[in-house]
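Single-structure report; data block below.
Chains as they are written, first to last, in the working numbering: chain A, 5 to 216; chain B, 35 to 44.
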């Protein structure tokens, strides 16, 4: 554990809390892509199957439970409790175009060919693109509420901080995982355009609005 | 490197 990994995990946790709090407080999931949330639940489910096979630390186990539980709670809020407020007309990204290539790539490029390892690899590939339905939704409506922008910023920062963590780990332990690194870089790059808008607009008190 | 290795990150 190092400071980059810890702040990365905290950014991830904060992102989830912002999202749940926003939906709960406003009693609405307007502007939130249910499809991205379904993909995240799939990511955590396939990655954390190792909860039963390998123990790392109480911290890891606790965080895995939190990520799993909150991802399903989010889906429940969007698709059941506040279903009426779900903006499905704008949430039209075809998630099979992300799931199937991620699965195919995981079958082809992995560290080891067994069930758990392929699913872990799939979760890494899928996570890198899971935000696309949400970004697509923002681009389709041309704007995002500030709170949704804060959520996206926290969620994007998490993998960016993990990249610093990987550099640090390589320098100090010689440890590296190419699959996680390449996917993590792709994931972070996808947020770059958003980061730019966030810093130049949202932080200056303006609404995140895309140029027409 | 030895595989399968345990994944120690989240």
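Just so it is clear, CB atoms sit at the ideal spot from N, CA and C, and this is done for glycine as well.
Query, Result
"Could you tell me the distance, in whole angstroms, from the CA atom of residue 132/A to the CA atom of residue 188/A?", "6 Å"
"Residues of chain B with CB under 7 Å from residue 6/A, in chain order?", "Residues of chain B passing the Cβ test: none, with the nearest at roughly 11 Å."
"Please report the Cβ distance between residue 94/A and residue 144/A, rounded to the nearest whole angstrom; I am assuming they are in contact, meaning their Cβ atoms lie under 8 Å.", "5 Å"
"Using a Cβ cut-off of 7 Å, pull out every chain B residue sitting near residue 163/A, in sequence order please.", "What residue 163/A touches in chain B: nothing, since even the nearest Cβ is about 11 Å away."
"Going by DSSP in three states, residue 212/A sits in which element: helix, strand or coil?", "strand"
"Do the CB positions of residue 52/A and residue 72/A come within less than 8 Å of each other?", "yes"
"Mind reading off the beta-carbon distance from residue 148/A to residue 35/A? Whole number of angstroms is fine, and I expect it under 8 Å.", "6 Å"
"If we require 4 or more residues per run, which alpha helix (DSSP H) segments fall completely within the segment 57 to 121 of chain A?", "62 to 80 and 100 to 112"
"Any beta carbon from chain B within less than 8 Å of residue 141/A's own beta carbon?", "no"
"According to the Cβ coordinates, are residue 102/A and residue 136/A closer than 8 Å?", "yes"
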